[in-house]
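Visitor: Residue numbering for the sequence shown follows the working numbering, starting at 2 and increasing by one per position. Ideal Cβ positions, reconstructed from N, Cα and C, are used throughout, including at glycine.
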Amino acid sequence: MAGRRTNLALLVLLAAAILTGALAYAIGSGWGRVAVIAHGVVGLGLLVLAPWKSAIARRGLRRRRPGSWASVALTVLAGLAVLFGILHGTGLVVDLGPVTAMQVHVGAALLSLPFAVGHVVARRVRPRRTDLSRRALLRAGAVVGGAGLAYAGVEGVVRVTGLPGSDRRFTGSYERGSGRPEEMPVTQWLNDAVPEVDAASWRLEVASGSEVVRRWSYEELAGFDDRVRATLDCTGGWYADQVWEGAWLSRLLPPTGQGRSIRVVSVTGYPRRFPIGDASRLLVATRVGGRPLDAGHGFPARVVAPGRRGFWWVKWIARVEASPVPWWLQWPFPVT
Ligand code: HEM
Ligand code: HEM
Ligand SMILES: Nc1nc2c(c(=O)[nH]1)N[C@H]1C(S)=C(S)[C@@H](COP(=O)(O)O)O[C@H]1N2
Ligand SMILES: [Mo]
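(1) Going by DSSP, name the residue or residues bridged to Ala286.
(2) Looking only at C-alpha atoms, which of His298, Arg5 and Val161 sits nearest to Arg129?
(3) Which first and last residues belong to the beta strand (DSSP E) in which Ile28 is found?
(4) Here's the rule: buried if 16 or more other CB atoms are within 10 angstroms of the residue's CB, otherwise exposed. What is Ala231?
(5) Taking a contact to mean a Cβ-Cβ separation below 9 Å, would you say Glu246 touches Gly291 in this structure?
(6) Closest to Asp168 by C-alpha separation, out of Thr7, Pro327, Ser72 and Gly238, would be which residue?
(7) Output the boundary residues of the beta strand (DSSP E) element that contains Pro272.
(8) By alpha-carbon positions, which one of Ala74, Val126, Asn8 and Thr172 ends up nearest to Val37?
(9) If you run the structure through DSSP and keep just helix, strand and coil, what is Arg125?
(10) By a C-beta neighbour count over all protein chains shown, 10 Å radius and 16 as the cutoff for buried, is Trp1 buried or exposed?
(11) Closer than 8 Å is the cut-off here; do at least three beta carbon pairs connect the segment 274 to 294 with the segment 241 to 256?
(12) Alpha carbons only, please: which of Ser69, Asp96, Gly68 and Ala102 is nearest the one belonging to Leu81?
(13) Could I get the ranges of all uninterrupted alpha helix (DSSP H) runs contained in the segment 67 to 124, with 4 residues as the minimum, in chain order?
(14) Once the 5 residues before and after Gly147 are set aside, which same chain residues still bring their CB inside 8 Å of it?
(15) State the beta-bridge partners of Ser267 as determined by DSSP.
(16) Can you confirm whether Asp242, when its beta carbon is compared against all beta carbons of chain B, has any partner nearer than 9 Å?
(17) Identify every residue that forms a DSSP beta bridge with Thr232.
(18) So, is Glu322 buried or exposed, given that buried needs 16 or more other C-beta atoms within 10 angstroms?
(19) Taking the straight line between their C-alpha atoms, what separation do you get for Val336 and Val304?
(20) Heavy atom of ligand 2 less than 8 Å from the Cβ of Ser72, yes or no?
(21) Tell me which residues share the same chain as Arg288 and place their Cβ nearer than 8 Å to its Cβ, disregarding the 5 neighbours each side in the sequence.
(22) I need the straight-line Cα distance from Ala330 to Gly90, nearest angstrom please.
(23) Could you tell me whether any non-hydrogen atom of ligand 1 is closer than 8 Å to the CB of Ser134?
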């Protein structure tokens with residue numbers, strides 16, 4: 002395959018890997034499976050192109066241009082992303098002490114991005130009309146086919162050998178502590194820390210815009226016994242199925258519910274904004290597995306958002322606010 006087309010194919014695959022990876026993280030329902038499988042195929046597609054790219058890279062490195070260190074950094078980071086993606090997907094390595102293979106995977110992928118952009122900008126490859134010729138499209142099809150075979154091969158080996166990867170959820174996550182909340186990991190997004198909250202003085206503020214319309218005490222909330230079985234699925238690559246108890250959020254809001262979204266904020270300032278229509282499906286939980294939440298899992302109260310990934314499940318909630326702002330006017334993923 003011509004070097005130029007190999008590079009173009011790499012560009013398309015890289016963009017597709019970021020896009021499908023982000024979708025795999027954003028979708029918590031069964032549809033996420035499509036994104037997760039597409040992501041695996043695209044990610045392994047980079048490996049399929051590796052033999053062709055290594056010829057290009059060797060030629061390029063011989064030219065000793067300034068900035069080739071950045072290309073080496075890109076190679077290392079993209080290589081780590083692929084390696085840790087496979088380690089996670091097969092289950093060969095899932096937990097690495099303080100971090101998970103999944104976190105290393107996404108970290109390496111995101112770090113590789115600025116290098117990839119710099120790489121491409123410095124070596125502009127212009128598409129040509131013949132890139133859409135019958136022959137070129139057949140070759141592109143062969144790359145996708147090869148990637149699909151690679152994916153099927155990896156999945157096949159995982160299933161046949163019974164590697165841990167054969168037990169992962171459709172999001173790619175591994176079961177940790179279902180039905181045993183005390184064994185469930187305590188996870189924060191990037192940099193939040195578990196606070197000590199005094200239940201006696203704590204109140205859950207319910208606001209309509211900036212006006213506080215109600216303050217619920219812990220005693221009052223603990224009196225509700227709405228219940229839901231739901232799966233907490235962390236983007237760090239694990240999930241747990243638990244029975245959560247508390248009050249449906251719609252029961253805590255004023256009946257004249259107005260606005261387009263509900264903004265939930267924790268004692269520590271961690272925010273998430275939900276569509277207003279979700280209020281009857283979001284649980285403000287005070288208990289899990291029949292016992293009060295512990296500090297790590299959100300005491301005094303947390304959000305349980307069935308069908309949404311873990312970063313929506315705000316712990317240590319302090320305030321819920323009906324607001325005129327649409328729910329999608331926020332970062333798709335928390336920023337801190
Ligand atoms: C994961 C993706 C990629 C990796 C790991 C990678 C790695 C490398 C390396 C190590 C070199 C040789 C050193 C250098 O010339 O700086 C190189 C050269 C090059 N790369 Fe990439 N690259 C990737 C993607 C791309 C993409 C997406 C494009 C363009 C759209 C591209 C275009 C080129 C070009 C034009 C050269 C110069 C070849 C020469 O001078 O003969 N690369 N790449
Ligand atoms: C340079 C960019 C990326 C590359 C090359 C890449 C590549 C891969 C590969 C090769 C796998 C293993 C597939 C398998 O064996 O089943 C994988 C898995 C995964 N990646 Fe990525 N990835 C990238 C970026 C991302 C990003 C940005 C995210 C999330 C925001 C992400 C999320 C995932 C998830 C959730 C899995 C697990 C899928 C499963 O278990 O089947 N990836 N990735
Ligand atoms: N206040 C707050 N709530 C939070 C987070 C956080 O960083 N701060 N992390 C979220 C993420 S990413 C996950 S996966 C779950 C983890 O819940 P657990 O620690 O009870 O397992 O909490 C969510 N709620
Ligand atoms: Mo998470």
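Guide: If we stick to the structure as given:
(1) The residue given as residue 286 occupies position 285 in the sequence shown. Bridge partners of Ala286: Gly247 and Arg303.
(2) On the sequence shown, residue 129 is found 128 positions in, with the first residue counted as 1. The shortest Cα separation from Arg129 among His298, Arg5 and Val161 belongs to Arg5.
(3) Locating residue 28 in the sequence shown gives position 27, counting from the first residue. First-last for Ile28: undefined, no H or E at that position.
(4) Here the question's residue 231 lines up with position 230 in the sequence shown. Buried.
(5) Sequence index remark: in the sequence shown, residue 246 carries index 245 (1-based). Sequence index remark: in the sequence shown, residue 291 carries index 290 (1-based). Cβ atoms of Glu246 and Gly291: closer than 9 Å.
(6) By 1-based counting over the sequence shown, the position of residue 168 is 167. It is Gly238 whose Cα lies nearest to the Cα of Asp168.
(7) The sequence position of residue 272 within the sequence shown is 271, counting from 1. Counting along the chain, the beta strand (DSSP E) containing Pro272 begins and ends at Pro272 to Pro276.
(8) Mapped onto the sequence shown, residue 37 falls at position 36. Taking Val37 as reference, the option from Ala74, Val126, Asn8 and Thr172 with the minimal CA-CA separation is Thr172.
(9) The residue given as residue 125 occupies position 124 in the sequence shown. The answer is coil: DSSP assigns Arg125 none of H, G, I, E or B.
(10) Outside the modelled stretch of the chain, which goes from 2 to 337, sits residue 1, for which no answer is possible.
(11) Contact between the segment 274 to 294 and the segment 241 to 256 is present, because at least three Cβ pairs lie under 8 Å.
(12) Along the sequence shown, one-based indexing puts residue 81 at 80. With distances taken between Cα atoms, Leu81 lies closest to Ala102.
(13) Within the segment 67 to 124, the complete alpha helix (DSSP H) runs of at least 4 residues are 69 to 91 and 102 to 123.
(14) By one-based count along the sequence shown, residue 147 stands at place 146. Excluding residues up to 5 positions away in sequence, Gly46 and Val49 lie with their Cβ nearer than 8 Å to the Cβ of Gly147 in the same chain.
(15) In the sequence shown, the residue the question calls residue 267 occupies position 266. Paired residues: Ile318.
(16) Absent from the structure: chain B. Only one protein chain is present.
(17) If you number the sequence shown from 1, residue 232 lands on position 231. Assignment of beta-bridge partners to Thr232 by DSSP yields Asp242.
(18) Reading the sequence shown from its first residue, position 321 is the one you call residue 322. Around the Cβ of Glu322, a 10 Å sphere holds 16 or more other Cβ atoms; the residue is buried.
(19) For the purposes of this step, residue 336 is identified with residue 335 of the sequence shown, where counting begins at 1. For the purposes of this step, residue 304 is identified with residue 303 of the sequence shown, where counting begins at 1. C-alpha separation (whole angstroms): 19 Å.
(20) Here residue 72 is taken as the residue at index 71 of the sequence shown, counted from 1. No, Cβ of Ser72 sits at least 8 Å from all heavy atoms of ligand 2.
(21) As a position in the sequence shown, residue 288 is number 287, starting the count at 1. Hits under 8 Å: Ala223, Trp245, Glu246, Gly247 and Leu294.
(22) Locating residue 330 in the sequence shown gives position 329, where the first residue counts as 1. Locating residue 90 in the sequence shown gives position 89, where the first residue counts as 1. Looking at the sequence itself, residue 330 is Leu, so the reference to Ala does not match. Distance between Leu330 and Gly90, taken at the CA atoms: about 32 Å.
(23) Sequence index remark: in the sequence shown, residue 134 carries index 133 (1-based). Distances between the C-beta of Ser134 and the heavy atoms of ligand 1 are all 8 Å or more.
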